[in-house]
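First comes the structure, then the notes that go with it.
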Amino acid sequence: MAGKNVAIAGGGFFGLYLAEQLALKGCKVKVYEKSSELMSRASYVNQARVHNGYHYPRSILTALRSRLSFPRFVNEFRDCIDDDFDKYYLVAGSLSKVTGEQFRRFCQRIGAECEEAPSSVKRLVNPALIDSVFTTREYAFDSHKLRDVMLQRLSAANVTIVTDAVVEIVRTSGDGLELVTTISGQSETSYADHLFNCTYSRINYLLNRSELELIPLRHEMTEMCLVEVPDEFKRMGLTLMCGPFFSVMPFPSAQLHSFSHVRYTPHYEWSDSAKKPYEDAHIKFEQNTHQSAWGYMLRDAQRYIPGLSECQYQRSIWEVKTILPRSDSDDSRPILFRANHGLKGLHCVMGGKIDNIYDALHEIERVIELS
Ligand SMILES: Cc1cc2nc3c(=O)[nH]c(=O)nc-3n(C[C@H](O)[C@H](O)[C@H](O)COP(=O)(O)OP(=O)(O)OC[C@H]3O[C@@H](n4cnc5c(N)ncnc54)[C@H](O)[C@@H]3O)c2cc1C
1 MAGKNVAIAG GGFFGLYLAE QLALKGCKVK VYEKSSELMS RASYVNQARV HNGYHYPRSI
61 LTALRSRLSF PRFVNEFRDC IDDDFDKYYL VAGSLSKVTG EQFRRFCQRI GAECEEAPSS
121 VKRLVNPALI DSVFTTREYA FDSHKLRDVM LQRLSAANVT IVTDAVVEIV RTSGDGLELV
181 TTISGQSETS YADHLFNCTY SRINYLLNRS ELELIPLRHE MTEMCLVEVP DEFKRMGLTL
241 MCGPFFSVMP FPSAQLHSFS HVRYTPHYEW SDSAKKPYED AHIKFEQNTH QSAWGYMLRD
301 AQRYIPGLSE CQYQRSIWEV KTILPRSDSD DSRPILFRAN HGLKGLHCVM GGKIDNIYDA
361 LHEIERVIEL S
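In terms of our numbering, the sequence shown has 43 at position 43, counting the first letter as 1, and numbering is strictly consecutive.
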């Protein structure tokens, strides 16, 4: 690919990371981002968890991949990582899909640190509802710092970035691709040898406009609450799993904690499918009522950890979360990579978690000749 013109639709973490890697291989790379800011969508609105496998007792493959990506991501983005808190995983006595013993054995199997939590922590939970509390090792990332690091790296790699720029349509032109874009409201046409579609919840927008086959994807309208936690929880992350439970994690870029709940974070869902008219995820997002479920989240969580009742709600951040249909049954987070999807040179890339970028890159390098 050296010397090739590469366009990237989407200036989230996936688009930016890929842009740098391709530029370092000698490509001339241009990123088009719909918003006026980079990494302002799912790459900002997420739980900021650098996964270390614990979250996936029902998908050993995702757990093991996370164990490999964790040290790599933490080392590569050291200055963007918050590791200055204690991370506890809790297992509920009922409704849980795993028992405490199963969780402990699962951690052993994937080689992830997991010890019984000290009594000072166990006394914070309601023993009638919580079966076990484990001390684990998991970190959070600061999305704003990550964006700033990526911007510096892209500048050093001579990547061109265009914001307020929507890639609308792609079609074949000679040996390459013709792109129709809207840049600050003006329609423009440009050419590229390859286009990487890294638009996450909107991957099918571009495919639909280009009259190409849609990729089956499921979307959830999600709400994450940002809260001020009581002092005793300030340097703590708590995840009650595996079932209809919740998570309270440091959210470094806002210096607050994120509060999410498996039952109440997703407000509603829909799917992209060839069988019905396409619905634009960003339009659905704009039309969403954004009516908070904070009260429900807190009422449920404080039954398990009474001290959380003192959390001070600050605000909610919302985003469309996009999931591959096959993640439904086992909660796995595989990557999506479709090379030459409908057109030679058009490649669709999506990851279910931020550190999936390494798996995505691995697949891209395996399938497409990059150097
Ligand atoms: C609620 C929630 C919680 C999550 N929690 C975690 C977590 O704790 N840990 C973790 O690792 N992962 C988590 N994830 C997943 C993680 O956020 C995503 O895997 C990752 O951010 C995807 O990055 P991206 O660059 O593909 O998407 P995005 O950051 O959404 O970037 C896509 C970009 O494409 C732009 N775009 C759309 N259409 C066009 C177009 N036609 N032309 C140009 N630009 C366009 C958008 O404006 C957007 O900026 C979570 C996700 C959500 C939603």
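Beta carbons are placed, not taken as given, at the ideal position from N, Cα and C, and that holds for glycine.
None of the values given here were measured: they were computed from a predicted structure.
Secondary structure at asparagine 126: coil, using DSSP grouped into helix, strand and coil. Contact between threonine 181 and serine 190 holds: their C-beta atoms lie close to 7 Å from each other, under 8 Å. The beta-carbon distance between leucine 206 and threonine 322, rounded to whole angstroms, is 14 Å. This is too long to meet the 8 Å contact definition. A distance below 9 Å separates the beta carbons of lysine 30 and valine 159. Here the C-alpha atom of aspartate 231 lies approximately 18 Å from the C-alpha atom of aspartate 83. For lysine 321, DSSP records a beta bridge to Glu220. DSSP places arginine 235 outside both helix and strand once states are collapsed to three, so it counts as coil. Within the same chain, and ignoring the five residues on either side of tyrosine 358 in sequence, the residues whose Cβ sits closer than 7 Å to its Cβ are Ser69, Arg72. Cysteine 348 sits in a strand when the DSSP states are folded into three classes.
Its Cα nearest to that of tryptophan 270, the residue Met221 stands out among Cys80, Met221, Asp355.
A distance criterion of 8 Å places the beta-carbon of histidine 51 in contact range of ligand 1, judged by its closest non-hydrogen atom.
DSSP, reduced to helix, strand and coil, places proline 71 within a helical segment of the structure shown.
Here proline 277 is exposed: its Cβ has fewer than 16 other Cβ atoms, across all protein chains shown, within 10 Å. As the crow flies, the alpha-carbon of arginine 104 is around 18 Å from that of arginine 65. Assignment of phenylalanine 196 by DSSP, reduced to helix, strand and coil, places it in the strand class. Classified as buried, proline 250 has 16 or more neighbouring CB atoms from the shown chains inside 10 Å of its CB. Counting only residues of its own chain and dropping the five nearest sequence neighbours on each side, phenylalanine 245 has a CB closer than 7 Å to the CB of Ala92, Val262.
For histidine 257, the shortest separation between its Cβ and any heavy atom of ligand 1 does not lie below 8 Å.
Put simply, the backbone Cα of glycine 352 is about 19 Å away from that of glutamate 76. Taking glycine 3 as reference, the option from Tyr17, Ala23, Gly100, Gly15 with the minimal CA-CA separation is Ala23. Take the alpha-carbon of leucine 16 and the one of glycine 10: they are about 8 Å apart. Just measuring C-alpha positions, the residue of Ser35, Gly237, Pro325 sitting nearest valine 133 is Gly237. Between the segment 107–119 and the segment 46–57 there are three or more inter-stretch CB-CB distances shorter than 8 Å, so the stretches are counted as touching. Taken in chain order, the whole alpha helix (DSSP H) runs of length 4 or more contained in the segment 86–169 are 100–110, 119–122, 143–156.
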